[in-house]
Amino acid sequence: MDEVVALGPILRSFPEFNRFYNEERQKRIGFIRWFRDFEMPDGFSAYANNLECAVHYGKSPMSLEDAHIVAHEIMHLIRHQENDLLEIRYRPEFFDLVFRLTNMLEDPIVELFLQKNYDFDLKISYLSAINYCRKCVKKETNDELSRLINGVDLANYMLRWRLIDDVAAQNEWSSYLGWYKNLRPHSYEIADQIVRLVWIHGGAYGAETIENQKKVVAAMINLYPQIRSIISI
Ligand SMILES: [Zn+2]
20 MDEVVALGPI
30 LRSFPEFNRF
40 YNEERQKRIG
50 FIRWFRDFEM
60 PDGFSAYANN
70 LECAVHYGKS
80 PMSLEDAHIV
90 AHEIMHLIRH
100 QENDLLEIRY
110 RPEFFDLVFR
120 LTNMLEDPIV
130 ELFLQKNYDF
140 DLKISYLSAI
150 NYCRKCVKKE
160 TNDELSRLIN
170 GVDLANYMLR
180 WRLIDDVAAQ
190 NEWSSYLGWY
200 KNLRPHSYEI
210 ADQIVRLVWI
220 HGGAYGAETI
230 ENQKKVVAAM
240 INLYPQIRSI
250 ISI
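According to the working numbering, the residues represented by the sequence shown are 20 to 252, in order.
See the structure below:
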């Protein structure tokens, strides 16, 4: 898909995206491949593939929420090209865990950048994620790996929600967390522990450098021995 065609509507409609496009996308990265996929992973409306330098998206970006998500994916590609990002080695059947883990480390950093520099309204997509999860999140199973994956995903949002200062939105988030904790007590506990590790080894808004990200993953391997045989850094 041609980039200008794919992004035309959001370039025309949203000044924050337009400014982001000129300052970051144009200046910091070369050719990006754009793929419209009819099948997307659960809960994702777009994702970046660093190795292909590509963004995969489900429906054509139109809304401010879509613009935020597109900018977010472009930032993943930029950070991957500019920095020597954390490489986690893993057995192929554990791709899902590693995919979510690297997102948990990178997402809060990307979001802070988009909010601080371009004033993207992050809460729009966070609130729609809550709506989506209220419909799809089921009771946790006894499987330790799936609890860990849940915990990593929730930790990602716990870190991102620290960037939101809107009171009504924060109330919505607290009520969601209460609901989640009741449904998945173990996954919730894991998320809480992971957030603490990120605070200790990174900072209040996440672990930005590869050194800090490595420390977080090493601490996780220590805390959850079951992943010791699955991933390494
Ligand atoms: Zn992301």
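Even glycine gets a Cβ: it sits at the ideal position worked out from N, Cα and C.
_Could you pull the DSSP bridge partners for R108 from this structure?_
S251
*asked:* Taking the alpha carbon of M94 as the reference point, which residue from V186, R44, N241 and I250 has its own alpha carbon closest?
replied: R44
*Pick from E230, V214 and I229 that is closest to A223, judged by C-alpha positions*: V214
*In angstroms with no decimal places, state the Cα-to-Cα distance between R38 and L131.*
16 Å
*Report the rounded CA-to-CA distance for S82 versus I29, giving the unit in angstroms.*
7 Å
*A188 lies in the alpha helix (DSSP H); which residues open and close that run?*
V186 to L202
*Do E71 and ligand 1 come close, with the Cβ less than 7 Å from some heavy atom?*
no
*Compare the C-alpha of A174 against each of A210, D140 and S194 and name the closest.*
A210
_In DSSP terms, what F76 is bridged to_ = Sequence check: residue 76 is Tyr here, not Phe. Y76 is bridged to R55 and A65.
_Neighbour-count burial assignment, F54, 16 or more Cβ in a 10 Å radius_ = exposed
*Can you give me the Cβ contacts of H169 inside the same chain, cut-off strictly under 7 Å, excluding the 5 residues immediately before and after it?*
Residue identity check: residue 169 is Asn in the sequence provided, not His. Answer for N169: E159, R203 and S206, listed in chain order.
*C-alpha distance - E101 paired with N69, whole-angstrom precision*: 12 Å
*Below 8 Å on the Cβ atoms is my guess for A226 versus L124; work out the distance and round it to an integer in Å.*
6 Å
*When we look at the beta-carbon of L242 and count the other beta-carbons within 10 Å, is it buried (16 or more) or exposed?*
exposed
*Give the secondary structure of R153 by DSSP, where H, G and I count as helix, E and B as strand, and everything else as coil.*
helix
*Reducing DSSP to helix, strand and coil, say where E159 ends up.*
coil
*Counting Cβ pairs, one atom from each stretch, are 3 or more of them under 8 Å apart for the region 235 to 251 and the region 191 to 202?*
no
_For T228, tell me which candidate among N150, R47, R98 and L26 has the shortest Cα-Cα distance._
R98
_Limits of the alpha helix (DSSP H) - the one that Y137 falls within_ = F114 to Y137
*Go to Q100, then tell me how far its alpha helix (DSSP H) extends in each direction, as first and last residue.*
L83 to E101
*Nearest CA to the CA of R52: which residue from Y66, M59, D61 and L178?*
Y66
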